[in-house]
Amino acid sequence: MPIAGSFVFWLAGIVGSAFAYRKAKKLLRQYRFTAAVLCLAAAIAVGTIAISNMSQELVIAADSTPNIPIGIAKGIYPGRVVWVHDPNATEWDGYYSPEHWWQEEHTDLAAVEKMVSKAIRG
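Numbering (the working numbering), first residue to last: 4 to 125.
Below, the structure is given as structure tokens:
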């Protein structure tokens with residue numbers, strides 16, 4: 004069963020169990036013991052089924068090893084990744100500043116153009 008389907012089934016079981024339990028409490032207050040016992044049995048049965056169908060195995064993403072390519076390289080130079088970094092390209096006072104690093108007055112255009120040129124040339 005798909006993960007989403009399992010979750011919906013589990014959620015329906017928990018909600019149904021809670022509804023049957025509350026109905027059983029209400030029927031007990033009205034001295035309708037047979038109906039209350041049936042609702043309580045339904046709550047226990049639905050809750051048990053919902054909990055027992057939970058998967059015990061963890062669903063996690065596959066491990067990825069650092070510095071190992073993932074997928075198929077495409078393009079003119081397959082697999083080439085270019086990363087250029089220049090901390091002097093922007094000036095910014097930090098997260099508590101009302102201004103942002105991407106605003107024009109915080110960007111040194113000459114430094115950015117130099118970075119782009121360096122990235123294109125390799």
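Just so it is clear, CB atoms sit at the ideal spot from N, CA and C, and this is done for glycine as well.
Report, in whole angstroms, the separation of the C-beta atoms of residue i and residue j, which I expect to be a contact under 8 Å.
i     : j      : result
ALA23 : CYS42  : 5 Å
ALA92 : VAL115 : 5 Å
PRO72 : GLY82  : 6 Å
Look at residue i and residue j and say whether their C-beta atoms are less than 9 Å apart.
i      : j     : result
ALA53  : TRP13 : yes
ALA27  : VAL40 : yes
LYS117 : ASP96 : no
THR46  : GLY19 : Reading the sequence as shown, one finds Ala at residue 46 and not Thr. Yes. Within cutoff.
GLU94  : ASP66 : no
ALA122 : VAL85 : yes
Within the continuous alpha helix (DSSP H) that includes residue i, where are the two ends?
i      : result
ALA47  : At residue 47 the sequence reads Ile, which differs from the Ala that was named. Residues 36 to 55.
ILE123 : 112 to 124
Which one or two residues does DSSP pair with residue i in a beta bridge?
i     : result
THR93 : THR110
With 9 Å set as the bound, which would you pick, yes or no: does the beta-carbon of residue i sit closer than that to a beta-carbon of chain B?
i     : result
ARG32 : No chain B is present in this structure, which holds just one protein chain.
In this structure, does DSSP put residue i in helix, strand or coil?
i     : result
ILE17 : helix
SER9  : helix
LYS77 : coil
ALA27 : helix
ARG32 : helix
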